[in-house]
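Q: Top line first, the protein sequences correspond to chains A and B.
With the UniProt record's numbering, the residue at position 24 of the first sequence is 24, and numbering never jumps.
With the UniProt record's numbering, the residue at position 1 of the second sequence is 1, and numbering never jumps.
I have a structure here, written as structure tokens, and I will follow up with some questions on it.
Protein chains: 2
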Amino acid sequence: MARAGLTAERLTQAAADLADEIGFQNVTVSALARGFGVKPAALYSHVKDAQDVRVRVALLALAELADRAAAALAGRAGKDALVAFANVYRDYAKEHPGRYAAMQIELDPETLAASAAVRHSELTRALLRGYELSEPDQTDAIRMLHGLFHGYVNLEKAGGFRHTPREVDASWSRTLDALDSLLRNWPPA
Amino acid sequence: MARAGLTAERLTQAAADLADEIGFQNVTVSALARGFGVKPAALYSHVKDAQDVRVRVALLALAELADRAAAALAGRAGKDALVAFANVYRDYAKEHPGRYAAMQIELDPETLAASAAVRHSELTRALLRGYELSEPDQTDAIRMLHGLFHGYVNLEKAGGFRHTPREVDASWSRTLDALDSLLRNWPPA
DNA sequence: ATGGATTGCTTAATAGGTTTAAGTTAGCTA
DNA sequence: TAGCTAACTTAAACCTATTAAGCAATCCAT
Chain A
1 MARAGLTAER LTQAAADLAD EIGFQNVTVS ALARGFGVKP AALYSHVKDA QDVRVRVALL
61 ALAELADRAA AALAGRAGKD ALVAFANVYR DYAKEHPGRY AAMQIELDPE TLAASAAVRH
121 SELTRALLRG YELSEPDQTD AIRMLHGLFH GYVNLEKAGG FRHTPREVDA SWSRTLDALD
181 SLLRNWPPA
Chain B
1 MARAGLTAER LTQAAADLAD EIGFQNVTVS ALARGFGVKP AALYSHVKDA QDVRVRVALL
61 ALAELADRAA AALAGRAGKD ALVAFANVYR DYAKEHPGRY AAMQIELDPE TLAASAAVRH
121 SELTRALLRG YELSEPDQTD AIRMLHGLFH GYVNLEKAGG FRHTPREVDA SWSRTLDALD
181 SLLRNWPPA
């Protein structure tokens with residue numbers, strides 16, 4: 001009766017990979033157990049329940065994405081930084097659709113506060129250092145950028161832009177131009 | 001053996017209401033059947049399967065939201081129209097969280113093309129008539145606005161802004177100011 | 001109005017997923 | 001090496017989804 005060597009980390013990693021392959025919705029305790037050649041009940045020694053698995057994948061994805069964003073921001077400023085940062089989001093969603101979907105589940109406030117989501121805000125704030133915005137405009141701009149990246153990528157993934165002929169890459173690029181312009185000319189209160 | 005008078009429309013409506021009450025994720029064929037005092041199997045005469053129910057709710061929500069957006073746009077132009085339009089999205093998400101969540105499921109291309117999603121794009125295009133944008137800038141701006149509304153509302157709903165003290169209403173208002181400014185000064189290619 | 005067909009629902013059955021409790025064994029630790 | 005603990009299995013209860021088969025209510029035609 002060989003042991004599979006399960007840990008919460010290994011399970012989370014496997015669940016994330018599985019999500020990218022078969023879709024986040026289809027990641028079940030049973031499917032995960034099958035992947036390890038183990039009975040479903042075995043997972044409950046390492047993980048609280050199915051929701052716990054989902055949350056762990058979401059946290060993993062948030063952390064991975066924050067790492068990438070931080071790397072993209074290093075040594076860049078202004079529009080250069082904006083473009084690099086924005087593309088990290090878009091590329092991650094394309095490369096890891098399951099992980100990206102996982103990031104959209106609602107986390108309870110404490111979990112959220114302890115997650116890499118906080119780092120995302122900080123990074124977005126760092127991005128804005130290249131522009132001359134003081135509070136509270138800075139916070140408003142952060143929220144706007146964050147929301148925009150999120151929503152744009154989501155809509156693109158859902159096929160929301162497919163019914164218009166124009167290339168999404170071109171639109172995206174122009175959107176970043178527009179954002180850069182807006183951040184340089186943020187309207188006064 | 002009294003009949004419950006089920007129809008696809010009635011089921012869809014009930015599913016939408018149920019989604020707003022208990023969350024879209026928790027809308028199951030069984031729960032829906034319980035609400036009508038009927039066995040789960042009864043629903044399969046009116047609806048293909050569980051996914052069919054979800055899609056119907058999504059389409060209902062898209063149509064409702066498009067109706068509201070159209071009403072908000074009537075008789076308004078420029079920033080006035082922009083604000084009204086944007087608030088329709090935000091308010092709908094708050095008022096109907098389950099329906100709003102339903103709108104995020106991925107629809108296959110044909111379903112999407114036949115849905116009110118197309119009307120959303122048209123309405124956004126109408127909104128832009130108050131600003132002087134020619135193609136392809138117009139399409140780019142539509143996508144940007146659409147993505148921004150979507151993403152902002154989502155992040156707010158998920159609590160993504162809660163860790164910063166500033167009021168979300170104020171940020172939202174200033175974001176609309178910024179968008180108006182951007183649309184009036186769209187950067188040249 | 002009444003017979004027959006259609007439709008709307010129930011019953012019954014299969015298949016999977018989730019989760020808990022109880023049992024067994026592997027492998028560390030004293 | 002004896003025994004403890006942690007990792008897994010077995011077993012069982014419960015829920016959801018879905019299909020097939022049956023029965024009853026209503027519609028329609030004569």
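All C-beta atoms in this analysis are idealised placements derived from N, C-alpha and C, irrespective of residue type, glycine included.
For the pair the region 33 to 45 of chain A and the region 73 to 85 of chain A, tell me if three or more CB-CB distances fall below 8 Å.
A: No, the region 33 to 45 of chain A is not in contact with the region 73 to 85 of chain A.
Q: Please report the Cβ distance between Leu131/B and Arg56/B, rounded to the nearest whole angstrom; I am assuming they are in contact, meaning their Cβ atoms lie under 8 Å.
A: The amino acid occupying residue 131/B in the given sequence is Tyr; Leu does not appear at that position. About 36 Å; that fails the 8 Å criterion.
Q: Candidates Leu155/A, Arg143/A and Tyr100/A: which alpha carbon is nearest Leu18/A's?
A: Answer by Cα proximity: Tyr100/A.
Q: Could you check where the alpha helix (DSSP H) with Gly98/A kicks off and where it finishes?
A: Looking at the DSSP string, the run of the alpha helix (DSSP H) that includes Gly98/A is Pro97 to Ala102.
Q: For the region 92 to 107 of chain A, list every residue whose C-beta sits within 8 Å of some C-beta in chain B, in sequence order.
A: If the cut-off is 8 Å between Cβ atoms, the region 92 to 107 of chain A has Gln104, Glu106 and Leu107 near chain B.
Q: Have a look at residue 257/A and Ile105/A and give me their C-alpha separation to the nearest angstrom.
A: Because chain A in this structure spans residues 1 to 189, residue 257/A falls outside the shown range and cannot be described.
Q: Within the same chain, show all residues whose beta-carbon is closer than 7 Å to that of Gln51/A, passing over the 5 residues directly before and after it, in chain order.
A: Cβ neighbours of Gln51/A beyond the five flanking positions: none.
Q: Against chain B, which members of the region 149 to 163 of chain A pass a CB distance test of less than 9 Å?
A: Answer set for the region 149 to 163 of chain A: Phe149, His150, Gly151, Tyr152, Val153, Asn154, Leu155, Glu156, Lys157, Ala158, Gly159, Gly160, Phe161, Arg162 and His163.
Q: So, helix, strand or coil for Asp49/A, using DSSP?
A: Asp49/A: coil per DSSP, three-state reduction.
Q: Near Leu155/A, which residues of its chain fall below 7 Å by C-beta distance, leaving aside the five closest residues on each side in sequence?
A: Cβ within range, chain order: Phe161.
Q: Thr111/A: buried (16+ other C-beta within 10 angstroms of its C-beta) or exposed?
A: The residue is exposed, with fewer than 16 neighbouring Cβ atoms inside 10 Å.
Q: Should Arg143/B go down as buried or exposed, given a rule of 16 or more other Cβ atoms within 10 Å for buried?
A: Buried is the call here.
Q: Applying a beta-carbon distance threshold of less than 8 Å, which residues of chain A neighbour Leu121/B?
A: Leu is not the amino acid found at residue 121/B; the sequence shown has Ser there. Here the neighbours are His163 and Thr164.
Q: Just curious, the alpha helix (DSSP H) that Arg143/B is in, first and last residue?
A: Per DSSP, Arg143/B belongs to the alpha helix (DSSP H) from Asp137 to Lys157.
Q: Report yes if the C-beta distance between Ala66/B and His150/B is below 7 Å; otherwise report no.
A: No, the pair does not count as a contact, with Cβ atoms beyond the cut-off.
Q: Give me the Cβ distance between Lys39/A and Pro97/A, rounded to the nearest whole Å; I'm assuming they're in contact under 8 Å.
A: Going by Cβ atoms, the distance from Lys39/A to Pro97/A rounds to 29 Å, so no, they are not a contact pair.
Q: Would you identify the three-state DSSP class for Pro187/B, choosing helix, strand or coil?
A: Pro187/B: coil per DSSP, three-state reduction.
Q: What is the DSSP secondary structure of Glu21/A, counted as helix, strand or coil?
A: Note: Glu21/A maps to helix in three-state DSSP.
Q: Applying a beta-carbon distance threshold of less than 7 Å, which residues of chain A neighbour Val118/B?
A: Per Cβ cutoff of 7 Å: His163.
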